[in-house]
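**Student:** To start, I am sharing the structure in question, which I have written as structure tokens.
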């Protein structure tokens, strides 16, 4: 390309963002340089600062810039209910429902022996330590309803049962607003077998 | 949101990029923090540097970090043919064809009286000064085939004619690989009226 070397490097660098191909990266660069230099400068500053400062919460392993995150230190939350999720984005999703007042434990992945991801990579030691404090009364397993997520939930359920703590799994079934006709067979079979009295 | 303040600010800052909504911004943040910290750090550095250093070419007004861009200083290019385009992205598009060896003039927009964009905002003084050097033998008007682009081309054609320089407009017609059935009436009418002997 006969373009300015800096513009070329910025187009390449933007492609580290998920979902950004060469065309959209080029569009972003020209947008920033022609119309939003202040926004771009601010983005560079916050990006640098965030990557530098954000680490893991010492209690729940989510991403945060403090040693312990704001959910774990919040005295209003119910510290006897622990919801186990795979990623910080899942914490955000559960928080968005507005219906959960407990705390979280973030695995940062799921068991995947083929990729070499075992229990120790998911912070199982920290998880056991949390249970051992005796503060937790219920563990809600909210890993994804995938093969790996189910296997992870099963593993965690086994690890928790020995501690005499209530273990639950989020319900699987027909999504709200969905139409039976368009729902896959596996989900529908599960919704039938897990039917509840009205 | 109960999330870390830094992560929230980064999600907001990423939304200055075109085509990035709240969901994709969130996905980008978690991708960078969980899987590509180096890429993110590099992006922040290059973004800062590019915004700080990139300005306008003194000859053709395109975006570049040098006082005069590499296309304008390239001795191999044909400096007697000047292609006038609206944006630096258009320069890139013409360069990608591989069929043009002349130089460019970038308007950085088009005439739009309602938005208060007049000839002086498009660097008409610089354009006239380029023509006055006597080096230019042909001006190719490659503004977009929109109402504003056509009006801009018309204005530039008038400004150029007085200088006894050849003025041409890129051809409009049926796109290569297009099917007549799916082409809009205006384009087809133009293709018919601009028919050429085989």
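Residue numbers (my numbering), protein chains in the order written: chain A, 606 to 803; chain B, 606 to 803. Backbone N, C-alpha and C define an ideal beta-carbon position, used for all residues, glycine too.
Rounded to the nearest angstrom, what separates residue 629/B and residue 741/B at their Cα positions?
**Tutor:** C-alpha separation (whole angstroms): 47 angstroms.
**Student:** Give a yes or no on whether the minimum CB-CB distance between residue 695/B and chain E is below 7 angstroms.
**Tutor:** Looking at the structure shown, chain E is missing, and the protein chains on hand are A and B.
**Student:** I'd like the span of the alpha helix (DSSP H) that includes residue 700/B, first residue to last.
**Tutor:** 693-702
**Student:** At the level of alpha carbons, what is the spacing between residue 688/B and residue 708/B?
**Tutor:** Here the alpha carbon of residue 688/B sits roughly 6 angstroms from the alpha carbon of residue 708/B.
**Student:** Any idea what DSSP makes of residue 641/B, helix, strand or coil?
**Tutor:** coil
**Student:** Output yes if chain A places a C-beta closer than 7 angstroms to the C-beta of residue 673/B; else output no.
**Tutor:** no
**Student:** Which residue wins for smallest C-alpha separation from residue 756/A, given the options 678/A, 795/A, 723/A, 735/A?
**Tutor:** For the options 678/A, 795/A, 723/A, 735/A, the alpha carbon positioned closest to that of residue 756/A is the one of 723/A.
**Student:** Kindly say whether residue 717/B, judged by its beta-carbon, lies nearer than 7 angstroms to any beta-carbon of chain A.
**Tutor:** no
**Student:** Closer than 7 angstroms, CB to CB, is residue 651/A near chain B or not?
**Tutor:** yes
**Student:** Would residue 772/B and residue 752/B qualify as a contact pair, given that the criterion is a beta-carbon distance under 7 angstroms?
**Tutor:** no
**Student:** Residue 709/A bridges to which residues according to DSSP?
**Tutor:** 688/A
**Student:** By Cβ distance below 8 angstroms, which residues in the same chain neighbour residue 810/B in space, the five residues on each side in sequence not counted?
**Tutor:** A question about residue 810/B goes unanswered here, because the residues of chain B that appear run from 606 up to 803.
**Student:** Tell me, which residues are paired with residue 725/A by DSSP?
**Tutor:** Under DSSP, residue 725/A shares a beta bridge with no residue.
**Student:** Under 9 angstroms between beta-carbons, which chain A residues line up against residue 766/B? List them in chain order, please.
**Tutor:** The premise fails here: residue 766/B is roughly 30 angstroms from chain A at the closest Cβ pair, so nothing lies under 9 angstroms.
**Student:** With a threshold of 7 angstroms between beta carbons, is residue 635/A in contact with chain B?
**Tutor:** Residue 635/A counts as touching chain B.
**Student:** What would DSSP say about residue 669/B, mapped onto helix, strand or coil?
**Tutor:** In this structure, residue 669/B counts as strand in the three-state DSSP scheme.
**Student:** I want to see whether chain A comes within less than 7 angstroms of residue 669/B, judged by CB atoms only; does it?
**Tutor:** Taking Cβ atoms only, chain A reaches closer than 7 angstroms to residue 669/B, which makes this a yes.
**Student:** Are residue 638/A and residue 648/B closer than 7 angstroms when you measure CB to CB?
**Tutor:** Against a cut-off of 7 angstroms, the Cβ pair of residue 648/B and residue 638/A comes out as no contact.
**Student:** Pull the bridge partners of residue 743/A from the DSSP assignment, please.
**Tutor:** 686/A, 771/A
**Student:** Residue 632/A bridges to which residues according to DSSP?
**Tutor:** As DSSP reads the structure, residue 632/A sits in no beta bridge.
**Student:** Quick one: grab the DSSP three-state call for residue 714/B.
**Tutor:** coil
**Student:** Give me whichever residues DSSP pairs with residue 661/A in a beta bridge.
**Tutor:** 668/A
**Student:** State the Cα-Cα distance for the pair residue 746/A and residue 691/A, rounded to the nearest angstrom.
**Tutor:** 10 angstroms
**Student:** In chain A, which residues lie less than 7 angstroms from residue 619/B when you measure between Cβ atoms?
**Tutor:** 648
**Student:** Whose C-beta lies closer than 6 angstroms to the C-beta of residue 780/A among residues of the same chain, with five residues either side of it excluded?
**Tutor:** none
**Student:** What residues in its chain sit with their C-beta under 7 angstroms from that of residue 659/A, if we drop five residues either side in the sequence?
**Tutor:** Within the same chain, residue 659/A has close Cβ partners 668, 669, 670.
**Student:** If you count every other CB in all the chains shown that lies within 10 Å of the CB of residue 680/B, and 16 or more means buried, which is it?
**Tutor:** Burial check for residue 680/B: the Cβ neighbour count within 10 Å stays below 16, so the residue is exposed.
**Student:** Would you mind working out which of 626/A, 765/A, 718/A, 650/A sits nearest residue 739/A, comparing C-alpha positions?
**Tutor:** Taking only the C-alpha atoms, the option nearest residue 739/A is 765/A.
**Student:** Listing by chain order, which chain B residues have their CB less than 7 angstroms from the CB of residue 691/A?
**Tutor:** Under the 7 angstroms cutoff, chain B gives no residues; its nearest Cβ is about 11 angstroms from residue 691/A.
**Student:** So, under 8 angstroms CB-CB, residue 758/B and residue 748/B are touching, yes? Tell me the CB distance rounded to an integer number of Å.
**Tutor:** 5 angstroms
**Student:** Please classify residue 609/A: is it buried, with 16 or more other beta-carbons within 10 angstroms of its beta-carbon, or exposed?
**Tutor:** Classification for residue 609/A: buried.
**Student:** Can you find a CB in chain B that lies within less than 7 angstroms of the CB of residue 659/A?
**Tutor:** yes
**Student:** Determine the chain B residues that contact residue 608/A at a beta-carbon separation under 7 angstroms, and present them in chain order.
**Tutor:** For residue 608/A, the chain B residues whose C-beta falls within less than 7 angstroms of its own C-beta are 697, listed in chain order.
**Student:** What span of residues does the alpha helix (DSSP H) with residue 759/B cover, start to end?
**Tutor:** 752-766
**Student:** Flag this pair as yes or no: are the beta carbons of residue 656/A and residue 645/B separated by less than 7 angstroms?
**Tutor:** Judged by beta-carbon spacing, residue 645/B lies within the 7 angstroms limit of residue 656/A, meaning their Cβ atoms are closer than that value.
**Student:** Assign residue 615/A to one of two classes, buried (16 or more other C-beta atoms within 10 Å of its C-beta) or exposed (fewer than that).
**Tutor:** buried
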